[in-house]
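Novice: In UniProt numbering, the protein residues as written are 1 to 415. Here you go, one structure.
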């Protein structure tokens, strides 16, 4: 019996752009264009058709300040899995303070790593902790020489956004930023940016706007926003979910959760919408400080910031319009980052346990070592690396390095 399979490169040419235009990630477009020369010619490079970033926007927080020109920053969380599970990487690094050199090596875990990559306005990329907003000090020259991405399988896990100034600093007091439509094939003028800022205000801006538009003039206590089934959704401090219609008006979507937690998170999992209620040991502080004091105050109180003591998880029964408490997620787990929340299927993320919530206490936790896990059934909080669990959150020791001197370097950078 003859093989009836058709090679990818032998598909009718008219199908090539139809397939290609359904790809929304850089990695998928790269793979599509690597099939053959004909496929490469049928689809432009990802960057050439993605004018969305950087997107110049007015600052939503300090409109009267001289730092008013903000732009959209995209961050993507990738899973990097080694193709050879027994591969060992050798690094040789030289110290700038001496002529001697040192070398080290590490074995790549089969689970791989999660890496958050930020694209800047200057065309550079920066690494961050997957769950926080803390930057990694990364030797880019060493990476280019020693790390070959062809040795890894790369999968895009999640995407997030924030706002930055043209001088490289981030716009302060931004809680969450989402964009829709979020596709490189959509005209930038048709995209809308929705943000929570200044302690809980909900506003939006579009390309060409010279100011942000406040959506709700009464409720300044929004906790999270998400794009769910092609619509903006927001949740406030009391667990009420709203969806935002095409005229950017709020429409109540759910009854209040009536939970007593301190912070609500929206997570989509298998097509369902969940609210994670985070309980803290004390109320977080809200500052009325100017732009120059906020970074210093955040660092000063980081050790005394509120700590998580419990989580409660609820799913919205959309048919009956009621909340259902969830006590078991099966093989699914939730990851609560400081700029995005997402779900993972643990059979595809070895080293992660099912029915858990992975999180951090602070937005600038050090790489890996402050990552915590809440076991939903046992209702207990553990270090994510107890018993050598969750190595996927722990980056290579030399590839991404955040030592105790990081705080001193950050302080020096901001003097």
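Note that beta-carbon positions come from the ideal geometry of N, C-alpha and C, so glycine has one too. Because the structure is a prediction, the values reported are computed rather than measured.
When the Cβ atoms of the segment 211-218 are set against those of the segment 184-192, are three or more pairs found closer than 8 Å?
Specialist: no
Novice: May I have the straight-line CA-CA distance separating residue 82 from residue 153, to the nearest angstrom?
Specialist: 6 Å
Novice: Are at least three pairs of beta-carbons, each pair with one atom in the segment 194-204 and one in the segment 163-176, less than 8 Å apart?
Specialist: Yes, since at least three Cβ pairs between the segment 194-204 and the segment 163-176 fall closer than 8 Å, the two stretches touch.
Novice: So residue 71 and residue 166 are supposed to be a Cβ contact under 8 Å. How far apart are they, rounded?
Specialist: 7 Å
Novice: May I have the straight-line CA-CA distance separating residue 345 from residue 357, to the nearest angstrom?
Specialist: 12 Å
Novice: Quick check: residue 25 and residue 76, are their CB atoms within less than 9 Å of each other?
Specialist: Yes, Cβ-Cβ distance for residue 25 and residue 76 is below 9 Å.
Novice: I believe residue 242 touches residue 252 by the beta-carbon criterion, under 8 Å. Please report the beta-carbon distance rounded to the nearest angstrom.
Specialist: 6 Å
Novice: Helix, strand or coil for residue 204? Go by DSSP, reduced to three states.
Specialist: strand
Novice: If you reduce the DSSP assignment to three classes, tell me which class residue 5 lands in.
Specialist: In the three-state DSSP reduction, residue 5 falls in the coil class, being neither helix nor strand.
Novice: With a Cβ-Cβ cutoff of 9 Å, do residue 244 and residue 263 count as a contact?
Specialist: no
Novice: Taking buried to mean at least 16 other C-beta atoms within 10 Å of its own C-beta, is residue 324 buried or exposed?
Specialist: exposed
Novice: Would you check if the distance between the CB atom of residue 308 and the CB atom of residue 266 is smaller than 9 Å?
Specialist: no
Novice: How is residue 29 classed by DSSP in three states: helix, strand or coil?
Specialist: helix
Novice: Work out the CA separation of residue 305 and residue 281 for me, nearest whole Å.
Specialist: 9 Å
Novice: Keeping to the same chain, check which residues put their C-beta closer than 6 Å to that of residue 42; ignore five residues upstream and five downstream.
Specialist: 16 and 17
Novice: Contact defined as beta carbons within less than 8 Å: I believe residue 202 pairs with residue 233. What is the distance between those atoms, to the nearest angstrom?
Specialist: About 11 Å separates the two Cβ atoms, so there is no contact after all.
Novice: Might you give, ordered along the chain, the residues of its own chain that have their beta carbon closer than 8 Å to the beta carbon of residue 279, omitting 5 neighbours on each side?
Specialist: For residue 279, where only same-chain residues beyond five positions count, the Cβ hits under 8 Å are 260, 261, 262, 308, 309, 310, 311 and 312.
Novice: Hey, residue 22 and residue 33: beta-carbon distance below 9 Å or not?
Specialist: no
Novice: Just to confirm my understanding: we take residue 125, look at its own chain, exclude 5 residues before and 5 after, and list those with CB closer than 8 Å. What are they?
Specialist: 117, 118 and 119
Novice: For residue 274, which residues does DSSP report across the bridge?
Specialist: 267 and 315
Novice: Are residue 338 and residue 163 closer than 9 Å when you measure CB to CB?
Specialist: No. Outside cutoff.
Novice: Drop a sphere of 10 angstroms on the beta-carbon of residue 129, count the other beta-carbons inside from all chains shown, and report buried for 16 or more, exposed for fewer.
Specialist: buried
Novice: For residue 247, tell me which candidate among 205, 220, 270 and 258 has the shortest Cα-Cα distance.
Specialist: The residue with the shortest Cα to Cα distance from residue 247 is 205.
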